[in-house]
Amino acid sequence: MGLRVFRRVRIAPGFTMNISKHGPSFSAGVRGAHITIGSTGIRRTVGIPGTGVFYTSHTGYHSGVHSAPHFAHNAHSTQQNKGCSYGGCLASLGCLVFIILLVMFIIAICIQAPSK
Numbered sequence: 428m429g430l431r432v433f434r435r436v437r438i439a440p441g442f443t444m445n446i447s448k449h450g451p452s453f454s455a456g457v458r459g460a461h462i463t464i465g466s467t468g469i470r471r472t473v474g475i476p477g478t479g480v481f482y483t484s485h486t487g488y489h490s491g492v493h494s495a496p497h498f499a500h501n502a503h504s505t506q507q508n509k510g511c512s513y514g515g516c517l518a519s520l521g522c523l524v525f526i527i528l529l530v531m532f533i534i535a536i537c538i539q540a541p542s543k
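Going by the working numbering, the first residue of the sequence shown is number 428, and it counts up by one from there.
Quick look at the structure:
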């Protein structure tokens, strides 16, 4: 039996940060429709609340050996391991942008709050 690690942190209404062994991901949306951006790609989910009926589409980042044709694996294997993968870099950039926006949001709330 494998060990699973998952934690969901609510950041603001409609925004959550999901932490798992595959890395962080961010979800935004309302009940019945949301979008999740993570290290494996972008997942869009639309459903009918309370029924268990939903539709999910996934757009991957197509990096690494799994997306390359089998015959091209040996020709590009030395170049695939250099640097970070496109998906990992994009997820890290997304995390950084999200944290910056969150800090700006908190600062804006603190400025608008009346001082006693």
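All residues carry an ideal CB built from backbone N, CA and C; glycine is no exception.
Fair warning: this is a prediction, and the values are worked out from it, not measured in the lab.
- Annotation: phenylalanine 433 to histidine 485 spans about 20 Å, alpha carbon to alpha carbon.
- In the DSSP annotation of this structure, the continuous segment of the beta strand (DSSP E) that includes proline 451 starts and ends at 450-457.
- For threonine 472, the enclosing beta strand (DSSP E) covers residues 468-475.
- For valine 524, the secondary structure class from DSSP, reduced to helix, strand or coil, is helix.
- Rounded to the nearest angstrom, the Cβ distance from phenylalanine 453 to glycine 521 is 6 Å, consistent with a contact under 8 Å.
- Counting the other Cβ atoms within 10 Å of the Cβ of threonine 478 gives fewer than 16, which makes it exposed.
- Excluding sequence positions up to five before and after arginine 471, its CB lies within less than 6 Å of the CB of Ile462, Ser484, all in the same chain and listed in chain order.
- In the DSSP assignment, valine 480 falls within the unbroken beta strand (DSSP E) covering 480-487.
- C-alpha of glutamine 539 to C-alpha of leucine 529: approximately 16 Å in a straight line.
- Going by C-alpha positions, isoleucine 469 is about 19 Å away from isoleucine 438.
- By the Cβ-count criterion, isoleucine 527 is exposed, with fewer than 16 other Cβ atoms from all chains shown falling within 10 Å of its own Cβ.
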